[in-house]
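Q: Its first residue numbered 0, the sequence shown is counted upward by one per residue in this note's numbering. Backbone N, C-alpha and C fix where the C-beta goes; we use that ideal spot for every residue, glycine too.
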Amino acid sequence: MKKLFLLLLLPLQLFAQKFTPAEIAVYQAQAKKVNIIRDKWGIPHVYGKTDADAVFGLLYAQCEDDFKRVELNYIEKLGRLAEVNGEKDVFNDLQIRLLFDSTEAKVDYAKAQPSFKKLLDAYAAGINYYLYKNPKVKPALLTRFKPWFPLMWTDGSIGAINTADLTIEELKKFYTGDHSPTAYVPVIKDQHSGSNGFAFAPSMTESGNSILYINPHTTFYFRPEVQMQSEEGLNAYGAVTWGQFFVYQGFNENLGWMHTSNNVDIADMYAEKISKTDKGFFYEYDKKKFPVTQKKINIHYLEGTTLKTKTFTTYFTNNGPVMAMREGKWISLKAKNRNAQSLVQSWIRTKAKSFEEYQKAMDLKANASNNTVYADAQGNIAFWHGNFIPVRDTKYNWSDVVDGSTSATAWKGLHNVKDMVHVYNPTNGWLQNCNSTPFSSAGKNSPIKANYPTYMAPDGENFRGVAAVKLLSRPMKYTLEKVIATGYDPYMPGFEVLVPALLKAYAQLPQSDPLIEELKAPISLLKNWDYRSGELSEATTLAMEWAPRLNSAIRKVYINPGDKDQVEATTEFAKSARPNDLLDPLKVTMADLTKRFGKWQIAWGEVNRYQRLTGAIREKYDDNTPSLPVGFGSAMWGQLGSYISNPFKTNKRYGYSGNSFVCVVEFGKRIKAKSILAGGNSGDPTSKHFTDQALMYTKGEFKDVLFYKEDVLKYVERNYSPGQ
Numbered sequence: 000m001k002k003l004f005l006l007l008l009l010p011l012q013l014f015a016q017k018f019t020p021a022e023i024a025v026y027q028a029q030a031k032k033v034n035i036i037r038d039k040w041g042i043p044h045v046y047g048k049t050d051a052d053a054v055f056g057l058l059y060a061q062c063e064d065d066f067k068r069v070e071l072n073y074i075e076k077l078g079r080l081a082e083v084n085g086e087k088d089v090f091n092d093l094q095i096r097l098l099f100d101s102t103e104a105k106v107d108y109a110k111a112q113p114s115f116k117k118l119l120d121a122y123a124a125g126i127n128y129y130l131y132k133n134p135k136v137k138p139a140l141l142t143r144f145k146p147w148f149p150l151m152w153t154d155g156s157i158g159a160i161n162t163a164d165l166t167i168e169e170l171k172k173f174y175t176g177d178h179s180p181t182a183y184v185p186v187i188k189d190q191h192s193g194s195n196g197f198a199f200a201p202s203m204t205e206s207g208n209s210i211l212y213i214n215p216h217t218t219f220y221f222r223p224e225v226q227m228q229s230e231e232g233l234n235a236y237g238a239v240t241w242g243q244f245f246v247y248q249g250f251n252e253n254l255g256w257m258h259t260s261n262n263v264d265i266a267d268m269y270a271e272k273i274s275k276t277d278k279g280f281f282y283e284y285d286k287k288k289f290p291v292t293q294k295k296i297n298i299h300y301l302e303g304t305t306l307k308t309k310t311f312t313t314y315f316t317n318n319g320p321v322m323a324m325r326e327g328k329w330i331s332l333k334a335k336n337r338n339a340q341s342l343v344q345s346w347i348r349t350k351a352k353s354f355e356e357y358q359k360a361m362d363l364k365a366n367a368s369n370n371t372v373y374a375d376a377q378g379n380i381a382f383w384h385g386n387f388i389p390v391r392d393t394k395y396n397w398s399d400v401v402d403g404s405t406s407a408t409a410w411k412g413l414h415n416v417k418d419m420v421h422v423y424n425p426t427n428g429w430l431q432n433c434n435s436t437p438f439s440s441a442g443k444n445s446p447i448k449a450n451y452p453t454y455m456a457p458d459g460e461n462f463r464g465v466a467a468v469k470l471l472s473r474p475m476k477y478t479l480e481k482v483i484a485t486g487y488d489p490y491m492p493g494f495e496v497l498v499p500a501l502l503k504a505y506a507q508l509p510q511s512d513p514l515i516e517e518l519k520a521p522i523s524l525l526k527n528w529d530y531r532s533g534e535l536s537e538a539t540t541l542a543m544e545w546a547p548r549l550n551s552a553i554r555k556v557y558i559n560p561g562d563k564d565q566v567e568a569t570t571e572f573a574k575s576a577r578p579n580d581l582l583d584p585l586k587v588t589m590a591d592l593t594k595r596f597g598k599w600q601i602a603w604g605e606v607n608r609y610q611r612l613t614g615a616i617r618e619k620y621d622d623n624t625p626s627l628p629v630g631f632g633s634a635m636w637g638q639l640g641s642y643i644s645n646p647f648k649t650n651k652r653y654g655y656s657g658n659s660f661v662c663v664v665e666f667g668k669r670i671k672a673k674s675i676l677a678g679g680n681s682g683d684p685t686s687k688h689f690t691d692q693a694l695m696y697t698k699g700e701f702k703d704v705l706f707y708k709e710d711v712l713k714y715v716e717r718n719y720s721p722g723q
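#1: Determine the contact status of residue 26 and residue 108, defining contact as a CB-CB distance below 7 Å.
#2: Suppose the cutoff is 8 Å on Cβ atoms and the five residues either side in sequence are ignored; what does the same chain contact list for residue 401 look like?
#3: Go to residue 282, then tell me how far its beta strand (DSSP E) extends in each direction, as first and last residue.
#4: Hey, quick one: how far does the alpha helix (DSSP H) through residue 697 stretch, first residue to last?
#5: Determine the DSSP secondary structure at residue 265, reduced to helix, strand or coil.
#6: Could you tell me if residue 719 is buried or exposed, where buried requires 16 or more neighbouring beta carbons within 10 angstroms of its beta carbon?
#7: When you compare only the Cα positions, how much space is there between residue 124 and residue 144?
#8: Enumerate in chain order the residues of its own chain whose CB-to-CB distance from residue 493 is below 6 Å, with the five nearest sequence positions on each side excluded.
#9: Measuring only the C-alpha atoms, how far is residue 242 from residue 301?
#10: Quick check: the Cα distance between residue 710 and residue 47, rounded to an integer number of angstroms?
#11: From the DSSP output, in three-state form, read off residue 392 for me.
#12: Quick one, are the C-beta atoms of residue 610 and residue 653 less than 7 Å apart?
#13: Based on DSSP bridge pairs, tell me the residues matched to residue 413.
#14: Quick check for students: name the residue ranges of the alpha helix (DSSP H) that lie wholly in the segment 503-566, counting only runs of 4 or more.
#15: Relative to the alpha-carbon of residue 327, which residue among 169, 555 and 616 has its alpha-carbon at the smallest distance?
#16: Can you tell me whether residue 62 is helix, strand or coil according to DSSP?
#17: Cα separation between residue 537 and residue 656?
#18: Between which residues of its own chain and residue 81 is the CB-CB distance below 8 Å, once the five residues before and five after are set aside?
#19: Ends of the beta strand (DSSP E) at residue 257?
#20: My understanding is that residue 262 touches residue 433, with C-beta atoms under 8 Å, so please give their C-beta distance in whole angstroms.
#21: How about residue 716 and residue 37: do their beta carbons lie closer than 7 Å?
#22: On the premise that residue 665 lies in contact with residue 353, defined as a C-beta separation below 8 Å, what is that separation, rounded to the nearest angstrom?
#23: From this set, 438, 540, 699 and 217, which residue's C-alpha is nearest residue 604's C-alpha?
#24: Measuring CB atoms only, is the segment 367-381 touching the segment 228-238, in the sense that at least three cross pairs come out at less than 8 Å?
#25: Within the same chain, show all residues whose beta-carbon is closer than 6 Å to that of residue 504, passing over the 5 residues directly before and after it, in chain order.
#26: Please state the DSSP three-state secondary structure of residue 27.
#27: Just tell me which of 318, 384, 496 and 55 has its CA closest to the CA of residue 331.
#28: Closer than 8 Å is the cut-off here; do at least three beta carbon pairs connect the segment 345-361 with the segment 160-176?
#29: Taking all protein chains shown into account, decide if residue 136 is buried (16 or more other Cβ within 10 angstroms of its Cβ) or exposed.
#30: Helix, strand or coil for residue 702, going by three-state DSSP, please let me know.
#31: Give a yes or no on whether the C-beta atoms belonging to residue 425 and residue 437 are separated by under 7 Å.
#32: Can you pull the DSSP bridge partners for residue 226?
#33: Note down, one range per segment and in chain order, each beta strand (DSSP E) of at least 3 residues found wholly within the segment 408-493.
#34: Near residue 629, which residues of its chain fall below 7 Å by C-beta distance, leaving aside the five closest residues on each side in sequence?
#35: How long is the line joining the alpha carbons of residue 423 and residue 410, rounded to whole angstroms?
#36: Taking the DSSP output, what are the residues bridged to residue 321?
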């Protein structure tokens, strides 16, 4: 009976693990070539014989820390969210499936160089071995990861999907046959997203070494801190986006790279001339007609416990997928959201040993979502605004829909890096980008706007850019600590524009207006404020709650050619606003604070809190559970440090995005670096590394980076191979 029980059980075990004995043997052999050392912060330092071994160990370690986020990123990029979240995500998935073709990704995998294919294989093997060794972990959907998955997501950004300004709502209307005319509402890019990058030449530092400041503003807990090293020349430290096999923002012993978002035009909308005959749909191109390509796409979605399917007949022209209808015309999108060369570039830059080698990586011209701020051990600093930039006829407005029926609007190759907006080693000794115009990236030594086509750098100035230029222009010799202090400077220049306008509006009130007495105290408070945030500042609370209630135009950071930038729009609003446009929102703010807290005079740190309770993708917040005060806030008004917080059916505000992984590194004969994470490196609420950095994070206090193995070995928490 005992033998019979074992025979019955064995197939069930094999079914549960879903991996063959041959696969498991390969995983186990590779795991033996990998050493993971967790330091006192739980940060994985992964050492492998080969680059592929390091990738294997990195993905295994990521899954240990937060498998659900690793999986979620690929569920999204595979266009399968609706299989988990239900029908509400059907058109999100359809958009992804139109833009990211898995068939093409599989072809790219088959054609990959053998050395690169080993990395892709190791990526899948590391995750699959984790699932095999941890059968209690129940994936939401993906029980086996494939080596071509990374070729569906070829850069390191969390959600770098560029659709020009075509919306999912338009996509839904087109593919459900709803062609009723509606008022077009432009897409407003997430105005809180972005990052800061600073580079300091040796002339600007006390040590005579260059320094790089790495400050991505992202959703919390989506950028863990890692190190990966191999005997093939890899030694990269920094932030990796969950599920990717390369350090996205970080450094090696020779140089460092920081990416910031931009509004460079990398995707264009085309109005197609479509005709229909008994043979189907045709599009016109240079006065000839060509058949519209049709493709059936099945989107599965969960309804209750049942998986259902919606089938869409989708359309493609020579420009790309048809995504909308405007003014009776089909609108197609030309973009390159999925690019195998981008994944190659993301990897090889982590191994660059010099400015020249990093430039060779840039020459692939495949990074479609980022600017780059750079510094190295030879004392070079550099900035590139974008990288993948199609050449176009400048007589067209590329931020609008263009005629898709003529080759005059076709892309004409890619701009060479030397022709893109860039700065190398400016004489002022510093570079900055805060998702702002590149034409202030080096102060007076910045590139000149008139020298470039408008589609290449439509980005305007924002208040973070204003703050960065002002702060970095001070005469100062920087250390790591001084760079950190600058990056966390609480100065908010946006309020230097808005608050004086408010004071002027108040002064214009007639003496009989009851608002004079009602607003006397808050006006006095703001009049004496220095436009700096702080835990104990009541003025910060008032300003931070008041400003978002003003004109939405002043919150627009990403702009198209010809638009007023944030600084211009805010200045114009401040000059032209009627008194009540400024005063009424202040009155509403006071009433709202009083309703939530029993008074409007309340310190920012009492309102603005850090809390991490569950580790869930959608975190829960609770006013009755302990939380930490945070003195900095939204970067919308120019504060360089970013802490985006909101009430979540709570009275207090809780942070969920902004400064996530922040690092400052000094290059010299020996690397010196400091870093901090929002909370901790683990997504497991039972782990001591779930919130072990939280208090330091709220204070802007950084830990020492353990870059060299001899230093890591002094602070070992766990030393193991994957699977042990």
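A: In short, the structure shows the following:
#1: Indexing the sequence shown from 1 puts residue 26 at position 27. Indexing the sequence shown from 1 puts residue 108 at position 109. Cβ atoms of residue 26 and residue 108: not closer than 7 Å.
#2: Taking the first residue of the sequence shown as 1, we reach residue 401 at position 402. Contacts found: 267, 268, 269, 270, 395 and 408.
#3: For the purposes of this step, residue 282 is taken as the residue at position 283 of the sequence shown. Element bounds for residue 282: 279-284.
#4: Counted from its first residue, the sequence shown places residue 697 at position 698. Residue 697 -> alpha helix (DSSP H) spans 693-698.
#5: Within the sequence shown, numbered from 1, the residue matching residue 265 stands at position 266. Coil, per DSSP.
#6: Taking the sequence shown and counting its residues from 1, one reaches residue 719 at position 720. So residue 719 counts as exposed.
#7: Here residue 124 refers to the residue found at position 125 when the sequence shown is read from its first residue. Here residue 144 refers to the residue found at position 145 when the sequence shown is read from its first residue. Going by the C-alpha atoms only, they are around 8 Å apart.
#8: Position 494 of the sequence shown holds residue 493. Excluding residues within five positions, the ones whose Cβ falls inside 6 Å are 462, 636 and 637.
#9: For the purposes of this step, residue 242 is identified with residue 243 of the sequence shown, where counting begins at 1. For the purposes of this step, residue 301 is identified with residue 302 of the sequence shown, where counting begins at 1. Their backbone Cα atoms lie some 24 Å apart in a straight line.
#10: Working through the sequence shown from its first residue, we reach residue 710 at position 711. Working through the sequence shown from its first residue, we reach residue 47 at position 48. Roughly 18 Å between the two C-alpha positions.
#11: Taking the sequence shown and counting its residues from 1, one reaches residue 392 at position 393. The answer is coil: DSSP assigns residue 392 none of H, G, I, E or B.
#12: On the sequence shown, residue 610 is found 611 positions in, with the first residue counted as 1. On the sequence shown, residue 653 is found 654 positions in, with the first residue counted as 1. Contact flag set, yes.
#13: For the purposes of this step, residue 413 is taken as the residue at position 414 of the sequence shown. 389, per the DSSP bridge assignment.
#14: 514-517, 519-526 and 537-545
#15: If you number the sequence shown from 1, residue 327 lands on position 328. Out of 169, 555 and 616, 169 has the C-alpha closest to the C-alpha of residue 327.
#16: One-based indexing of the sequence shown puts residue 62 at position 63. DSSP places residue 62 in helix when its eight states are reduced to three.
#17: In the sequence shown, counting from the first residue as 1, residue 537 sits at position 538. In the sequence shown, counting from the first residue as 1, residue 656 sits at position 657. If you take the alpha carbons of residue 537 and residue 656, they lie about 23 Å apart.
#18: In the sequence shown, counting from the first residue as 1, residue 81 sits at position 82. Only 87, 88, 89, 91, 92, 298, 299, 300 and 301 meet the Cβ criterion.
#19: Taking the first residue of the sequence shown as position 1, residue 257 is located at position 258. Note, residue 257: beta strand (DSSP E), 254-259.
#20: Residue numbering aside, residue 262 sits at position 263 when the sequence shown is read from its first letter. Residue numbering aside, residue 433 sits at position 434 when the sequence shown is read from its first letter. The pair is not a contact, with the Cβ atoms about 13 Å apart (cut-off 8 Å).
#21: Start at 1 with the first residue of the sequence shown, and residue 716 comes out as number 717. Start at 1 with the first residue of the sequence shown, and residue 37 comes out as number 38. Closer than 7 Å, so yes.
#22: Along the sequence shown, one-based indexing puts residue 353 at 354. Along the sequence shown, one-based indexing puts residue 665 at 666. Between residue 665 and residue 353 the Cβ distance is about 18 Å, and since that is not below 8 Å, they are no contact.
#23: Counting from one through the sequence shown, the residue named residue 604 turns up at place 605. Closest option to residue 604, Cα to Cα, is 540.
#24: no
#25: The residue labelled residue 504 in the question sits at position 505 within the sequence shown. Cβ within range, chain order: 578, 581 and 582.
#26: Locating residue 27 in the sequence shown gives position 28, counting from the first residue. In the structure shown, residue 27 sits in a helix (DSSP, three-state: H, G or I).
#27: Position 332 of the sequence shown, counted from the start, is the residue given in the question as residue 331. Out of 318, 384, 496 and 55, 318 has the C-alpha closest to the C-alpha of residue 331.
#28: no
#29: What you label residue 136 is simply residue 137 of the sequence shown in a count that begins at 1. Its Cβ having fewer than 16 others within 10 Å, residue 136 is exposed.
#30: As a first step, residue 702 must be located in the sequence shown, where it is residue number 703. Of the three classes helix, strand and coil, the one that applies to residue 702 here is strand, per DSSP.
#31: Residue numbering aside, residue 425 sits at position 426 when the sequence shown is read from its first letter. Residue numbering aside, residue 437 sits at position 438 when the sequence shown is read from its first letter. No. Outside cutoff.
#32: Taking the sequence shown and counting its residues from 1, one reaches residue 226 at position 227. Residue 226 is bridged to 44 and 236.
#33: 421-423 and 429-432
#34: Here residue 629 is taken as the residue at index 630 of the sequence shown, counted from 1. These residues qualify, in order along the chain: 604, 607, 608, 609, 642, 654 and 697.
#35: To locate residue 423, count along the sequence shown from 1; it is residue 424. To locate residue 410, count along the sequence shown from 1; it is residue 411. Using only the alpha carbons, I get a separation of about 28 Å.
#36: On the sequence shown, residue 321 is found 322 positions in, with the first residue counted as 1. Answer is 331, bridged to residue 321.
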